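Chemist:
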Amino acid sequence: GAGVSQSPRYKVAKRGQDVALRCDPISGHVSLFWYQQALGQGPEFLTYFQNEAQLDKSGLPSDRFFAERPEGSVSTLKIQRTQQEDSAVYLCASSLKAARTSTNTEAFFGQGTRLTVV
Amino acid sequence: GQQLNQSPQSMFIQEGEDVSMNCTSSSIFNTWLWYKQDPGEGPVLLIALYKAGELTSNGRLTAQFGITRKDSFLNISASIPSDVGIYFCAGNDYKLSFGAGTTVTVRA
Chain A
1029 GAGVSQSPRY KVAKRGQDVA LRCDPISGHV SLFWYQQALG QGPEFLTYFQ
1079 NEAQLDKSGL PSDRFFAERP EGSVSTLKIQ RTQQEDSAVY LCASSLKAAR
1129 TSTNTEAFFG QGTRLTVV
Chain B
-1 GQQLNQSPQS MFIQEGEDVS MNCTSSSIFN TWLWYKQDPG EGPVLLIALY
49 KAGELTSNGR LTAQFGITRK DSFLNISASI PSDVGIYFCA GNDYKLSFGA
99 GTTVTVRA
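Keeping their order, the protein sequence lines are chains A and B.
Using the numbering used here, you'd call the opening residue of the first sequence number 1029 and step up by one each time.
Using the numbering used here, you'd call the opening residue of the second sequence number -1 and step up by one each time.
1) Given a threshold of 16 other Cβ atoms within 10 Å of its Cβ, counted over all protein chains shown, does A/Val1040 qualify as buried or as exposed?
2) By alpha-carbon positions, which one of A/Pro1053, A/Gly1044, A/Arg1037 and A/Ser1033 ends up nearest to A/Asn1100?
3) What are the residues of the segment 57 to 84 of chain B that lie near chain A, defined by any Cβ-Cβ distance shorter than 8 Å?
4) Report the start-end ranges of each beta strand (DSSP E) in the segment 63 to 90 of chain B that is 3 residues or longer and not cut off at the edges.
5) Which residues, in order along the segment 1054 to 1075 of chain A, keep a beta-carbon less than 8 Å from a beta-carbon of chain B?
6) Skipping 5 residues on each side, what residues in its chain have a beta carbon closer than 8 Å to that of B/Asn28?
7) Could you spell out where the beta strand (DSSP E) holding A/Ile1054 opens and where it closes?
8) When every heavy atom of the ligand MG is checked, does at least one fall within less than 7 Å of the C-beta of B/Gly38?
9) Whose C-alpha, out of B/Thr103, B/Gly83, B/Cys87 and B/Arg105, is nearest the C-alpha of B/Gln4?
10) Can you list, in chain order, the residues of its chain with a C-beta nearer than 8 Å to that of A/Glu1072? Leave out the 5 residues immediately preceding and following it.
11) Helix, strand or coil, according to DSSP, for A/Glu1113 in the structure here?
12) With DSSP collapsed to three states, give me the class of B/Leu44.
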């Protein structure tokens, strides 16, 4: 498809389990963002990639959260030893240009992965 | 926590009514955006504002970027049933800072 694709759409994890969430951005998009959206809240920034470089990870809530984009396209957000407070929708967004130098480049969001930790 | 204060938190509309919501921030943003999110979907961009004081329309939607760069409002004229959803304001300093959203539902 032409849009941002995320998988899985839904994930139920037992507390303490590791999870991996995948994002396929729009082909050719330089910038990729991960956001976390708790129930009833707006999305909150987690991390930013420009191509394969992770330029900003200031929003990652703990060292249990790790993201990568090794070839500058597909990205994976990994959460180790999941906790109940990690339950949220994880949104991926991509934009055509480098976001730090082109602030008027539109970011397109995927449908998100809803993670429930039980 | 949310950096932007969005109000109202929720509202009920009747078809044909005009709808208004606003957003304030303690920080200055160079770009202000309004998104709509339907259940089970990601946010979709409605309007982008780039200049302080700018008034921009997109169909039945009108948004203004406050002169101080710390606030914005969104108006929806002549609402229709598909306008229901959650509307978010967002300040853009390359990464987005979202408000908590305004939930728009249809009045029974």
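Quick reminder that beta carbons are idealized off the backbone N, C-alpha and C, glycines included.
Since this is a predicted model, take the numbers as computed values, not measurements.
Modeler: This is what the structure gives:
1) The residue given as residue 1040 of chain A occupies position 12 in the first sequence. Label assigned to A/Val1040: exposed.
2) Counted from its first residue, the first sequence places residue 1100 of chain A at position 72. Residue identity differs from the one stated: residue 1100 of chain A is Gly in this sequence, not Asn. Of A/Pro1053, A/Gly1044, A/Arg1037 and A/Ser1033, the residue nearest in Cα terms is A/Pro1053.
3) none
4) 69 to 74 and 83 to 90
5) Phe1061, Tyr1063, Gly1068, Gln1069, Gly1070, Pro1071, Glu1072 and Phe1073
6) Counting from one through the second sequence, the residue named residue 28 of chain B turns up at place 30. So the qualifying residues of the chain are Tyr48, Arg67, Asn90 and Asp91.
7) Here residue 1054 of chain A refers to the residue found at position 26 when the first sequence is read from its first residue. Run containing A/Ile1054: none; DSSP gives neither H nor E here.
8) Within the structure as shown, the ligand MG is missing, as the structure has no ligands at all.
9) Residue mapping note: residue 4 of chain B aligns to position 6 of the second sequence, counting from 1. The candidate whose alpha carbon is nearest that of B/Gln4 is B/Cys87.
10) As a working note, residue 1072 of chain A is residue 44 in the first sequence. Short of 8 Å from the beta carbon of A/Glu1072, and not among the five residues preceding or following it, lie these beta carbons of its own chain, in chain order: Tyr1063, Gln1064, Gln1065, Ala1066 and Gly1087.
11) Counting from one through the first sequence, the residue named residue 1113 of chain A turns up at place 85. Per DSSP, reduced to three states, the secondary structure at A/Glu1113 is helical.
12) As a position in the second sequence, residue 44 of chain B is number 46, starting the count at 1. If DSSP states are grouped into helix, strand and coil, B/Leu44 belongs with the strands.
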